Structure formats: C-alpha cells, structure tokens
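Data block below; observations after.
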Amino acid sequence: MSTATEKTTPIESSSKKVLLLGDGDFTFTLALYNKISKRRSDLPLLASWWASEDEVSVEITPTCFDTKEEVLSKYSNFETTCKQLSKVKSKRVKLAEIQYGVDATTIHETHKNEKWDLIIFNNPHLGVENKKRNGGLCMHILYSSLQCTEKSGGQIWITLVKEQLEQWQILQTASNTSMLKTDLRYLGSFSFLDTFWPGYTCRRHQSGKSFRNVAFESLTHVFVHFKNRMSTTFAQQVLQQTQQKILQSQTPKKESTVLKCHCCDQTFTEQRSLDTHFKHKHGAVATDQKTNESFSCSLCKATFHNHDAMTKHYISVHSGQHLNVKPDWKENDFFAQRNIIQHSSDSSSTHYFCELCDALFSDQEEHKQYLSPTPITSRVICDVCGQEFVATRDLLQHKNFKHST
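By the count of my numbering, the sequence shown reaches residue 406 at its end, each step adding exactly one.
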C-alpha cells in the first residue's frame, strides 16, 4: 500500500470538509464556525455527519476572490473578524488557512487534488445587471465545484436572491449541458435568513457595502453530486429538515414594524401614512393588491408584477431631471454592447464556444473577461448635496427623487 493511500484513508473516514467560496469579509466563515462549534444540531447536514460517527470533525476552508491587500482596504471589519475567528476553539472544527485570490470558476484546476463534502457560495454576482453573464458565472461555479465534491452525495449550496435562479436560466442551461446533466442533481432550496447565521453580513464585492437594507428574499439552492438514488434521497431529507429548522429560528415580525419609503427612505409607523406620502410625494400608491396580471412600461417595455413597481420604475428612470436612466452596464459593459453571438450554424470555427455560458467568443481571453467581476470606476458625486455613489445610474435616480423641481 502506498504512503499516499495510508494518509488519505483515515481522513476520509473521520472528517468532513467544507469549502466556502467568495466569502469577501469572512463573516459567513465566522457564522458557520460558531454554528458548528456551539449548536451543531441547528444544521441537519452537519448533525447527520456526527450521527454516523462520534469522532468525526469538520474542516472549513474559507476563500475569497480578492487579494489580502484588497480585502484589507475594502472591508473595515476584516481584522476584527479575524480576531474573532482566532478566539473560537473547538475540537470538532478546524479552520484551514484563509485562501486569497481564489476564482470559483476554476477550482477544479487550482485545487484539482482536493475534494469537499460541501461547497458553499453566497450571492455570486459579476457586478453588472446582465442575466446572461451572471447565469454563465453560476454555471461555471457549478461545473468547477462538481469536480471538487465527493461523488457519494457531495453537495453544492448556492444562495441567490429569489427568482434569480429562474431569471438567469440556471436549471434550464444545466439540463441542456452535457458537462452537468449526468452527474448533477438539483434538489430544491431553503430560505436564507440572517437570523439563522448570526454575525454574517452580505456585502457587495465591488464596494464592500452591505446588502442589509435591501428587502430581497434569498434562497439557498442545493445541488448534489449524483452517484445513486440513495445518496440523493438522503440529501433530499436533509434539505427538508434544514428548511424546517430555519423556519423555526425565524422571529415573527411585529405588526408595528417601521415602514420605509422605497424612493426617499422616509419612515412611517402606519401603512396609510406611507400611502399618503407616496401618493403626494412620488405620484403613486405605495402598495398594490396581489394580482397575476403583469404591467409593462410604455416607454421601454420592461415588465413588472404590479402597478406600483411599474410606477416606481417610471419615476426613477423616465421622469424628473434625468430622463431614460439606463443601467451602467448598458453603457459600460463591453459584452452588453457587443451582444455575445449565440452558438448557431453560422458560427465561425475560429471562435470559441462555451457550452456553460451558451455563448460564442472571439477567443478564450475574451471568455475569461466575460466571467470576471466588473471593477468599479471612479465614484460619482451629487453636485447638489455632495452624496457619493458607485454607479452613475444611482446618482441620476437620486437626483430624480431628491432634487427634482
């Protein structure tokens, strides 16, 4: 028996490995570490690991896309988080060294000799509102992660804002992709709640700012490395148990919750006060009855689930001092301007076609740029009040809401 075999056998039988991708400020690393150390039964997947063998341990490998220098300059809480991580001690949990500059789309190349039982990526995004590019990013993350998960039921968790899975056509593309459809199974999702991960803050990669004030529901989508029906059935049971645990941890909201205007951030204690404010200040009603009807903007044909959402869109984009405000990526995203050619019979053999992105590129270097996060350019400043913004679109919408006469 070779030395390598002698070393790997006990590791496979006595430990589980978790890889965290894109954990910018490593607060999710801290939240997961604390959860395993103190309340392991909170997470059914982890509880199932211990149920099978008392001596099992968990190794967490935290990674991020940025260099260490970029992390230090972007996240002011990073050093505090590191100190907190160093204080957490547990015989059952081992924290591997933080890895910087890790590209989640190429871990099957950079970490080809390693396998994990669970790989997690929360809110992957390229920093541009381009559904096709972000969908391609997720497809590459799934493909790369699949090569690095254990074949006997290894799992991949990807957290997305609700409806992004459908909008980015991830499942549709995966089912038509030979590189994924044989070995990857989608099991479903469970709610992602901040209360279940105390200490974690979702932050934007480009600016390091928090998403805390964004009222979007998020879901963690569970994929499994398919080997046999038994492993999939077990993973499905764990998924259902996880959703139950998370719902149990959710604190019911009080009826007196403070209500905030989506346009100007003014707060109210009663719905009728918000409705009155919104009607007189922004020219619309703040709420709308639920309906299956869709509403379409007469100017740009964008569609919305209710009339209120369409009205907000009109105010921010087509009215006020600045008309027809467009997302920055429509102006600055090279790939949005060029309109990546779909693979078809007239595709030139000199081009590079990516099955995961379902798009044609002039060469592999262009494909690499397509999957790279969009860097932030210089910040823009409001000449009226001095407030700073990352994107020009944000500045123009701010002027429409705050300074229009």
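Where is the CB? At the ideal position from N, CA and C, for every residue including glycine.
Computed from a predicted model, the values in this text were never measured in an experiment.
Going by beta-carbon coordinates alone, are leucine 138 and threonine 174 separated by less than 8 Å?
no
I'd like to know whether the C-beta atoms of phenylalanine 29 and asparagine 123 end up nearer to each other than 8 Å.
yes
Just confirm the distance between the C-beta atoms of serine 153 and isoleucine 108, as a whole number of angstroms; I'd bet it's less than 8 Å.
Contact doesn't hold; Cβ gap of about 19 Å is too wide.
Cysteine 355 in three-state terms, based on DSSP
strand
Going by C-alpha to C-alpha distance, which of Arg134, Thr183, Leu220 and Leu22 sits closest to glutamate 164?
Leu220
Using three-state DSSP, classify lysine 403 as helix, strand or coil.
helix
Which whole-angstrom value is the C-beta distance of leucine 21 and threonine 62, which I expect to be below 8 Å?
7 Å
Taking only the alpha-carbon atoms, compute the straight-line gap between lysine 18 and isoleucine 121 and give it to the nearest angstrom.
11 Å
Quick one, which of Val381, Ile247, Phe197 and Cys358 has its alpha-carbon nearest asparagine 131's?
Cys358
What's the call for lysine 113, buried or exposed, on a 16-neighbour Cβ count within 10 Å?
exposed
Mark cysteine 386 as exposed unless 16 or more other C-beta atoms lie within 10 angstroms of its C-beta, in which case mark it buried.
exposed
By Cβ distance below 7 Å, which residues in the same chain neighbour glutamate 218 in space, the five residues on each side in sequence not counted?
Lys163
Excluding the five sequence neighbours on either side, which residues of its own chain have a C-beta within less than 7 Å of the C-beta of isoleucine 247, listed in chain order?
Phe191, Ser192, Leu194 and Phe197
Leaving out five residues before and five after leucine 127 in sequence, what residues of the same chain have Cβ atoms less than 8 Å from its Cβ?
Arg134, Asn135, Leu138, Leu372, Ser373, Pro374 and Thr375
Going by DSSP, what residues sit across from lysine 95 in a beta bridge?
Glu60
Pick helix, strand or coil for alanine 5, following the three-state DSSP scheme.
Any reading at alanine 5 must be qualified, since the residue scores a pLDDT of 34, below 50, and its modelled position is unreliable; the value itself is stated next. Note: alanine 5 maps to helix in three-state DSSP.
Thinking tyrosine 144 and valine 89 are a contact (beta carbons under 8 Å), I'd like their distance in whole angstroms, please.
About 33 Å separates the two Cβ atoms, so there is no contact after all.
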